[in-house]
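Chemist:
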Amino acid sequence: MFLIFALITLAGAVALVFQRNLVVAGLCLVLCFMGVSGLFLLLANPVAAALQIIVYSGAIVVLLLFVVMLLNEHQEEAAVRARPLQRWLSVAVLLVLGAGVVKLVAGSKLLKQLDASPMPPAMTLNTLGDALFGRHLLGFEVAGLLLLAAMVGAVALVKRDL
Amino acid sequence: MTSLNAILTGGLQGYILVALLLFLVGLAAVLCRRSVLLQFMGVELMLNAANVALLAFARFRGGDAQGTVYYLFIIAVAACEAAVGLALVVGLYRHRQSTDTDRADALKQ
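And the structure:
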């Protein structure tokens, strides 16, 4: 089960990088988020899985696709000039980082120790609400203020003459 | 449990590996693609990689609510970032009629 969701996630992400059409790339992003949400389910966290689908696939990707269609930029434009050095440099950096990551994770003793912990009970909205409105009330209010500020900021940036 | 077994069957190592690879793929989108919208999708991928790692650690260290609360705050910030970021993309397009980052290399028109 884990392997299936992990492969869905990574396949969606890799398809996004190699996709030419921006709308299809957005749909690849949805596929990737679905895989991530499946991973959250396997981590005994159905609340996070639902939030992942509602907020990311439901809100952020829709906003993104809306902008893609608004600007009518379905294809990437032709390059101004080829940058072979930068391109190969970035591929090399990514390959080195990827090899380092695999080696680090596979050889880590600390991660292996944590592996033995038993499966906790599934996260419920009750537990989350208690924590959110008890210990983290201030953070919750600040997040609300931040969302308001972002909304006003987005309107101010896009509006032509304020 | 051997490392390979833990990675294949969903031990902590498997989740961390998926998170780190997802981060690298997002980095690849930011580094190798020219369209600012695709780079934005790459940033979202990297943010999600951080979320996967966070919730994996939360579950394997006892599974209390703190990890999920933190995840909630992260997606609130991600939603703000998406709104403001896409507004900036629209503003950039108005100035240059392009969403190509190579064409937006001057501070003044």
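For the protein sequence lines, the chains are A and B, in the order given.
By the numbering used here, the letter at position 58 of the first sequence is numbered 58, and the numbering carries on one by one without gaps.
The number in the numbering used here is simply the position in the second sequence, starting from 1, with 1000 added.
Even glycine gets a Cβ: it sits at the ideal position worked out from N, Cα and C.
Buried or exposed for N1005 (chain B), please, with buried defined as at least 16 other CB atoms from any protein chain shown within 10 angstroms of its CB.
Modeler: Your numbering for residue 1005 (chain B) matches position 5 in the second sequence. The residue is exposed, with fewer than 16 neighbouring Cβ atoms inside 10 Å.
Chemist: For chain B, check one thing: does any of its Cβ atoms lie closer than 8 Å to the Cβ of H74 (chain A)?
Modeler: In the first sequence, counting from the first residue as 1, residue 74 (chain A) sits at position 74. Cβ-Cβ to chain B under 8 Å: no for H74 (chain A).
Chemist: Strictly below 9 Å CB to CB, what residues from chain A border L1107 (chain B)?
Modeler: In the second sequence, counting from the first residue as 1, residue 1107 (chain B) sits at position 107. Within chain A, no residue comes near L1107 (chain B); the closest Cβ sits about 17 Å away, beyond 9 Å.
Chemist: Quick one: does V1043 (chain B) have its CB under 8 Å from some CB of chain A?
Modeler: Here residue 1043 (chain B) refers to the residue found at position 43 when the second sequence is read from its first residue. By this cut-off, V1043 (chain B) is not an interface position.
Chemist: What's the C-alpha gap between N1039 (chain B) and L157 (chain A)?
Modeler: On the second sequence, position 39 is the one that residue 1039 (chain B) refers to. On the first sequence, position 157 is the one that residue 157 (chain A) refers to. Checking the sequence, you will find Gln at residue 1039 (chain B) rather than Asn. One C-alpha to the other measures close to 20 Å.
Chemist: Just to make sure I have the definition right: I need the residues of chain A whose C-beta is within less than 7 Å of the C-beta of T1099 (chain B). Which are they?
Modeler: The sequence position of residue 1099 (chain B) within the second sequence is 99, counting from 1. In chain order: L71 and E73.
Chemist: Which residues, in chain order, does the stretch 1026–1043 of chain B contribute to contact with chain A at a C-beta distance below 8 Å?
Modeler: G1026, L1027, A1028, A1029, L1031, C1032, R1033, R1034, S1035, L1037, L1038, F1040, M1041 and G1042
Chemist: Kindly give me the distance between the Cβ atoms of G26 (chain A) and L1024 (chain B), rounded to whole angstroms, as I take these residues to be in contact under 8 Å.
Modeler: What you label residue 26 (chain A) is simply residue 26 of the first sequence in a count that begins at 1. What you label residue 1024 (chain B) is simply residue 24 of the second sequence in a count that begins at 1. Not really, about 21 Å apart at Cβ, beyond 8 Å.
Chemist: To the nearest angstrom, how far is the alpha carbon of A48 (chain A) from that of K112 (chain A)?
Modeler: The count along the first sequence starts at 1 and reaches residue 48 (chain A) at position 48. The count along the first sequence starts at 1 and reaches residue 112 (chain A) at position 112. Roughly 25 Å separates the two Cα atoms.
Chemist: With hydrogens ignored, establish whether the beta-carbon of V62 (chain A) is closer than 7 Å to any heavy atom of the ligand GDP.
Modeler: Absence of the ligand GDP from the depicted structure is noted, as is the absence of any ligand whatsoever, leaving it without description.
Chemist: Since V1069 (chain B) contacts L29 (chain A) with CB under 8 Å, what's their CB separation in whole angstroms?
Modeler: Taking the second sequence and counting its residues from 1, the one referred to as residue 1069 (chain B) is at position 69. Taking the first sequence and counting its residues from 1, the one referred to as residue 29 (chain A) is at position 29. Contact flag wrong, Cβ pair sits at about 25 Å.
Chemist: Does the beta carbon of A1104 (chain B) come closer than 8 Å to any beta carbon on chain A?
Modeler: Here residue 1104 (chain B) refers to the residue found at position 104 when the second sequence is read from its first residue. Look at A1104 (chain B): its C-beta is not under 8 Å from any C-beta on chain A.
Chemist: Along chain B, which residues have their Cβ under 9 Å away from the Cβ of K109 (chain A)?
Modeler: Counting from 1 along the first sequence, the entry for residue 109 (chain A) is found at position 109. By Cβ distance, chain B contributes nothing, its closest Cβ being about 10 Å from K109 (chain A), past 9 Å.
Chemist: Compare the C-beta of F40 (chain A) with all C-beta atoms of chain B and state if any pair is closer than 8 Å.
Modeler: Residue numbering aside, residue 40 (chain A) sits at position 40 when the first sequence is read from its first letter. With 8 Å as the cut-off, F40 (chain A) counts as an interface residue toward chain B.
Chemist: Taking the continuous alpha helix (DSSP H) assigned at P121 (chain A), which residues delimit it?
Modeler: What you label residue 121 (chain A) is simply residue 121 of the first sequence in a count that begins at 1. First-last for P121 (chain A): undefined, no H or E at that position.
Chemist: Check the Cβ-Cβ distances between A1087 (chain B) and every residue of chain A, and say whether any is below 8 Å.
Modeler: For the purposes of this step, residue 1087 (chain B) is identified with residue 87 of the second sequence, where counting begins at 1. By this cut-off, A1087 (chain B) is an interface position.
Chemist: Might you give, ordered along the chain, the residues of its own chain that have their beta carbon closer than 8 Å to the beta carbon of I1074 (chain B), omitting 5 neighbours on each side?
Modeler: Here residue 1074 (chain B) corresponds to residue number 74 of the second sequence, with the count starting at 1. The answer, listed in chain order, is L1047, A1050, N1051 and L1054.
Chemist: Does DSSP put Q19 (chain A) in a helix, a strand or coil?
Modeler: Numbered from 1 along the first sequence, position 19 holds the residue referred to as residue 19 (chain A). Three-state DSSP puts Q19 (chain A) in coil, outside helix and strand.
Chemist: Out of B:A1028, B:R1061 and B:Y1015, state which residue places its alpha-carbon closest to the alpha-carbon of V17 (chain A).
Modeler: Along the first sequence, one-based indexing puts residue 17 (chain A) at 17. Residue B:A1028 is the option with its Cα nearest to V17 (chain A).
Chemist: Where does V1018 (chain B) land, buried or exposed, given buried means 16+ other C-beta within 10 angstroms?
Modeler: Here residue 1018 (chain B) is taken as the residue at index 18 of the second sequence, counted from 1. Its Cβ being crowded by 16 or more others within 10 Å, V1018 (chain B) is buried.
Chemist: Can you confirm whether I60 (chain A), when its beta carbon is compared against all beta carbons of chain C, has any partner nearer than 8 Å?
Modeler: Judged by its chain identifiers, the structure shown contains no chain C, and its protein chains are A and B.
Chemist: Suppose the cutoff is 6 Å on Cβ atoms and the five residues either side in sequence are ignored; what does the same chain contact list for A1058 (chain B) look like?
Modeler: For the purposes of this step, residue 1058 (chain B) is identified with residue 58 of the second sequence, where counting begins at 1. Closer than 6 Å at Cβ, skipping near neighbours: G1067.
Chemist: Would V1084 (chain B) pass as a contact of A150 (chain A) if the rule is Cβ separation under 8 Å?
Modeler: Residue numbering aside, residue 1084 (chain B) sits at position 84 when the second sequence is read from its first letter. Residue numbering aside, residue 150 (chain A) sits at position 150 when the first sequence is read from its first letter. Yes, they are a contact pair.
Chemist: Pair every Cβ in the stretch 34–46 of chain A with every Cβ in the stretch 61–81 of chain A, then say whether three or more of these pairs are closer than 8 Å.
Modeler: no
Chemist: Considering just the uninterrupted stretch of the alpha helix (DSSP H) at K109 (chain A), what are its terminal residues?
Modeler: Indexing the first sequence from 1 puts residue 109 (chain A) at position 109. Taken as a continuous stretch (DSSP letters only), the alpha helix (DSSP H) holding K109 (chain A) covers K109 to L114.
Chemist: When the Cα atoms are used, what is the spatial distance from G139 (chain A) to L1008 (chain B)?
Modeler: Within the first sequence, numbered from 1, the residue matching residue 139 (chain A) stands at position 139. Within the second sequence, numbered from 1, the residue matching residue 1008 (chain B) stands at position 8. Cα to Cα, the separation comes out at about 37 Å.
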